[in-house]
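Novice:
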Amino acid sequence: MRNLEIKTRYPDLDAARRLARELGAREAATSRDVDTYFCVPEGRLKLRQAEGATHGTLIFYQRPDAPESRLSAYHLSHIADVPSLRSLLHTALGVLVTVTKTRQLWLYGATRIHLDQVEGLGNFVELETVLSGQAEAEAQTEHEHVKRGLRLREQQPVPASYSDLLLHGDAP
């Protein structure tokens, strides 16, 4: 699968919520997630588990580290027993870093709006516009519309993943 994504620092998540609501996005879920990143030769491999759950998602993705909107290719696999798989991957690959965040998910068309509070890093807004069932140009148009609605151009763009920010000590 592919999506178009961008991430920015966004100190005032209350303002982001208000703008998302004004845009017509709908609030879908809030979760506290632990993402365990593993050592891989290319791309990123993480195992996501919501607080209190035994199931989760294994996510592999590749994308350029760029401050502007960029295409990301990803694969998802739903996992029934996260603790067992985490132990196996820890032994086989090694753990790179663990990211803990509270994520509020909003939906607008094919765009997932993530309002994230990341431990040790601060507040962020991340957009992921899925390129499934629509042309890339249509996805780009929607993505730009949501960026404008949330005033993302007024915020500091972040080219790296949360894992990279934690590893390099890029806290505000």
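In this note's numbering, the protein residues as written are 491 to 662.
Cβ atoms here follow ideal geometry from the backbone N, Cα and C, with glycine treated the same way.
All of these numbers come straight from a predicted model, not from anything done at the bench.
Do the region 612 to 629 and the region 638 to 648 meet, that is, are 3 or more Cβ pairs less than 8 Å apart?
Specialist: Because the criterion of three Cβ pairs below 8 Å is met, the region 612 to 629 and the region 638 to 648 touch.
Novice: Which residue spans inside the region 505 to 536 form an unbroken alpha helix (DSSP H) run of at least 4?
Specialist: The qualifying runs do not exist here; there are none.
Novice: Is there contact between the region 512 to 519 and the region 589 to 600, where contact requires at least three CB pairs shorter than 8 Å?
Specialist: The region 512 to 519 vs the region 589 to 600: in contact.
Novice: Under three-state DSSP, which class holds Q645?
Specialist: Note: Q645 maps to coil in three-state DSSP.
Novice: Which residue wins for smallest C-alpha separation from E634, given the options E532, T601, E609, K536?
Specialist: It is T601.
Novice: Run through the region 577 to 648 for me and flag every whole beta strand (DSSP E) of 3 or more residues, listed as ranges in chain order.
Specialist: Within the region 577 to 648, the complete beta strand (DSSP E) runs of at least 3 residues are 585 to 598, 601 to 608, 612 to 620.
Novice: Would you identify the three-state DSSP class for S559, choosing helix, strand or coil?
Specialist: The answer is coil: DSSP assigns S559 none of H, G, I, E or B.
Novice: The beta strand (DSSP E) that contains Y652, what's its start and end?
Specialist: Segment 652 to 657 is the alpha helix (DSSP H) holding Y652; no beta strand (DSSP E) there.
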